[in-house]
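Notes for the one structure printed next.
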Amino acid sequence: MTTAMSPIRIGTRGSPLALIQTRLVIDALRGVREAEPVVIRTTGDTVQDRRLADIGGKGLFAKEIHDALAQGRIDAAMHSLKDLETDLPPGIVLACVLAREDARDALILAAPGPIDPAQPFASLPRGARIGTASVRRQAQVLHVRPDLVMTTLRGNVETRLAKLLAGECAATLLAHAGLKRLGIAERANAILEPDIVLPAAGQGIVGITVRERDAALRTQLGGIADPAATVAATAERALLAELDGSCRTPIGAYAVLLPGGALRLSAMVARIDGSFLLRRDLEGSASDAARIGHALGASLRADSPGDIFV
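In this text, residue positions in the sequence shown follow the working numbering: the first is 423, and each later residue adds one.
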């Protein structure tokens with residue numbers, strides 16, 4: 423176990439993006455506490471030929487890391503918040519989140535051409551293959567273009583871009599935040615506004631989990647938390663909790679702070695094939711972020727077909 427003066431051992435996946443995001447945490451802690459990365463191989467990284475929904479969900483990115491945390495082999499764990507399950511293992515808590523990067527998705531084409539920002543999918547040929555492992559992205563794309571063919575595309579950002587260029591698909595969607603943090607934002611052919619493709623809950627946010635009993639470390643990490651991202655994450659994760667969403671359920675959620683201390687939460691649920699999509703917004707005080715998330719989630723659940731949440 424870490425002592426008051428020893429470096430914080432931060433568990434992380436080994437992808438270039440994960441290591442960059444872990445460095446963000448280490449840099450934020452500078453002057454507060456030394457920290458160092460500890461790379462842990464996860465099942466989500468090892469199995470690349472199937473969608474996460476088919477092999478156990480996004481918790482596979484965190485399971486081995488949280489096992490190491492519970493066993494005391496690391497002191498904290500870094501996560502892309504969109505990949506962190508809503509219900510954490512017993513004794514593990516979300517200690518803080520860092521400032522949010524751009525939450526939007528990006529459209530990347532194998533053969534770049536002109537794109538209308540208001541209708542970014544209109545330029546794709548009929549029947550074009552779109553690579554993604556995200557049911558959220560798939561449902562929203564098919565809702566607009568049911569003729570498109572979806573194919574599973576997994577791996578880290580660099581791997582997916584290489585598969586795109588190798589001709590496995592005509593286009594893919596990636597988080598703009600990841601492209602920016604990797605220094606390759608120019609690879610995006612179009613940035614998809616939230617009214618076109620709603621982001622995943624927590625997209626663009628780095629979160630840090632710790633053992634619940636480590637009060638001193640929780641206090642230190644709480645000191646680097648970003649207030650705006652904390653409010654957004656609270657609302658978006660409350661919505662997920664209300665919907666009991668998993669990687670099998672297409673769910674989008676995006677919270678924005680408005681002038682005067684208000685919060686607007688936009689969310690959607692859909693069928694994977696895009697044949698049903700329900701989107702709603704709810705505004706209220708930022709201090710009521712959790713209540714807003716639960717209320718909007720309950721509203722979406724009440725007016726959606728039950729099979730969506732099975």
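Ideal Cβ positions, reconstructed from N, Cα and C, are used throughout, including at glycine. Quick caveat, the model's predicted, so the values are computed rather than measured.
Of the candidates V571, D505, V632 and L491, D505 places its Cα closest to the Cα of L662. Apart from sequence neighbours up to five positions away, the residues of its chain that approach P539 with a beta-carbon distance below 7 Å are A612, ordered along the chain. If you draw a straight line from the Cα of A622 to the Cα of A675, it is about 6 Å long. If you check the CB distance, L665 and V691 come in under 8 Å. One thing to note: K602 has its Cβ within 8 Å of the Cβ of D524. The straight-line gap separating the alpha-carbon atoms of L531 and T573 is approximately 14 Å. In the three-state reduction of the DSSP assignment, D648 falls in the coil class, being assigned neither a helical nor a strand state.
By the 16-neighbour rule on beta-carbons within 10 angstroms, R582 is buried. By the C-beta criterion, the segment 501 to 518 is judged to be in contact with the segment 620 to 634, since at least 3 inter-stretch pairs fall below 8 Å.
Taking a C-beta distance under 8 Å as the contact criterion, G494 and V461 do not qualify as a contact pair.
Contact annotation: L687 and A657 have beta-carbon atoms nearer than 8 Å. In the DSSP assignment, the residues bridged to A528 are L596 and I613. Leaving aside the five residues that flank V678 on each side, the residues in its chain whose CB is nearer than 6 Å to its CB run, in chain order, R686. In the three-state reduction of the DSSP assignment, E608 falls in the helix class, which pools H, G and I.
Residue range L699 to S707 is occupied by the beta strand (DSSP E) that includes E705, with no alpha helix (DSSP H) assigned at that position. Here V447 really is in contact with A457; their C-beta atoms are around 7 Å apart, less than 8 Å.
Counting along the chain, A711 sits inside the alpha helix (DSSP H) bounded by residues A711 to A724.
In the assembly as shown, T641 is an exposed residue. Its beta-carbon has fewer than 16 other beta-carbons within 10 Å. Of R463, P438 and L564, the smallest CA-CA separation from S697 is found for L564. Around D569, the same chain offers R548 and G549 as residues with beta carbons nearer than 7 Å, after the five sequence neighbours per side are excluded. P542 and I618 do touch by the CB rule: their CB atoms are close to 6 Å apart, below 8 Å. Following the DSSP letters along the chain, one finds V563 inside the alpha helix (DSSP H) bounded by residues V557 to V566.
Taking every protein chain shown into account, the CB of R452 has fewer than 16 other CB atoms within 10 angstroms, so this residue is exposed. Per the DSSP secondary-structure output, I673 pairs in a beta bridge with V691. Rounded to whole angstroms, I646 and L639 show a C-alpha spacing of 11 Å. Taking a C-beta distance under 8 Å as the contact criterion, L587 and G553 do not qualify as a contact pair. One Cα belongs to I714, the other to G706, and the distance between them is close to 7 Å. Residues V571, T573, C591 and A592 of the same chain have their beta carbon placed closer than 7 Å to that of R551, with the five preceding and five following residues left out of the count. With distances taken between CA atoms, A689 lies nearest to S726 out of P681, D695, G682 and S726. When the beta-carbon positions are compared, I627 and L520 come within less than 8 Å of each other.
Assigned with DSSP and collapsed to three states, R551 falls in strand. The Cβ-Cβ distance between L704 and A561 does not fall below 8 Å.
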